[in-house]
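Heads up: the structure comes next, in structure tokens.
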Amino acid sequence: MEYAKQWLSLEEQADLLIGKGLVCRREDLVARLSEVGFYRLSAYWFPYKVKRRDGDSVLVGAHLDSIWETYLLDCDLRTLMFSAVARIEIYLRSQLAYFASSVSGPFGYPENSLRRLRREYAAAQKSELFMRHFADTYGDSHQLPPYWVMVEASTMGTIEALYRDAEPEVRIVVATNLGVRVPVFKNWLSVLRVARNACCHHSRIWNRVWGVRPVIPKDWGEVSFENDRTFAVLTVLNHMLSCIDPDNGWVNEVEALLARYSTVAAERKMGFPEEWKGIPGWKSDGKGRSGEVQERMN
């Protein structure tokens, strides 16, 4: 089937939407389309779309103000989610470098990761002064910098691979410090990477169905939420943040976001259950076991 849709001016796009039933002032709609684009904004009026018998579609009960409010919710949610992802990622880089180099040595990288690391090291030298400094100073003796330097320029995919191929005791201590067992944490690393990419690429978050589903730890028991919705991803992030810093306050930011956009009533689309703050992952005591495990490794 050929794609038959043609280019339309902003004014023609606005007229098309108004003709389909979107309630708005035409000049406001033109401004929003200019700022965001027809296709991106279409994700937020899609829930109002109804197909007629003739195959055409109309927008039922769609108001531009509500659609724009949902769009802004999604933007703020991405920012909030990325703030959690960033803190967890930095913590993970630190933990992995510390424990992996203590067990395998500063340059004891897994064989499977070497090609990838060399490629990232070469790329980092073009933009990072600390990488150029290492190459200029120590490049005659070392093909790669030590763990604690290399992780600062590694992608999340590489961090995931380094963890996967690390020595068993390293995998155990990193997972334990974040309150879960290794098989669960391997899955959570994938969730973290996908969430990071979604935030960085400005993807729709609020009503997303996630392809990588967080594994729910067995000791959480039966849970009352679906693990393919955004709430499940937020739960995993909050649990890890609470292990890193029990007083991080991120849950208050989530609450504030929901209150700020209460007219959108987004909780259902995001998969929030009732009394969500009382379930595992949100009522966590935030106690990692880093001291206990580190003592065993020393």
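Residue numbers (this note's numbering): 743 to 1040.
Backbone N, C-alpha and C define an ideal beta-carbon position, used for all residues, glycine too.
{"Item": "Beta carbon of residue 811 nearer than 8 Å to that of residue 1005", "Value": "yes"}
{"Item": "CB of residue 839 within 8 Å of CB of residue 905, strictly", "Value": "no"}
{"Item": "Cβ shell of residue 850 (< 6 Å), same chain only, five flanking positions each side left out", "Value": "none"}
{"Item": "Euclidean distance between Cα positions of residue 855 and residue 813", "Value": "39 Å"}
{"Item": "Candidates 992, 965, 982: closest to residue 1018 by CA position", "Value": "965"}
{"Item": "Spatial neighbours of residue 762 in its chain, beta-carbon cut-off 6 Å, leaving aside the 5 residues before and after", "Value": "800, 801"}
{"Item": "Same chain, Cβ closer than 6 Å to residue 949, five either side skipped, listed in chain order", "Value": "1011"}
{"Item": "is_contact[residue 848, chain D] using C-beta, thresh 8 Å", "Value": "Among the chains of the structure shown, chain D does not appear; only one protein chain is present."}
{"Item": "Proximity to residue 790 [Cα-Cα], best of 764, 753, 773, 955", "Value": "764"}
{"Item": "Reference residue 942, options 989, 871, 820, closest by Cα", "Value": "820"}
{"Item": "Assigned secondary structure, residue 913 (DSSP; H/G/I helix, E/B strand, else coil)", "Value": "helix"}
{"Item": "Proximity below 8 Å, CB of residue 1022 to CB of residue 952", "Value": "no"}
{"Item": "Bridge partner(s) assigned by DSSP for residue 793", "Value": "799"}
{"Item": "Beta-carbon proximity list for residue 766, same chain, < 6 Å, skipping 5 on both sides", "Value": "806"}
{"Item": "Reduced DSSP category for residue 1037 - H, G, I as helix; E, B as strand; rest coil", "Value": "Per-residue confidence for residue 1037 stands at a pLDDT of 42, beneath the threshold of 50, marking its modelled position as unreliable; no derived number is given."}
{"Item": "Given residue 804 as reference, the closest of 818, 817, 784, 865 once Cα atoms are compared", "Value": "784"}
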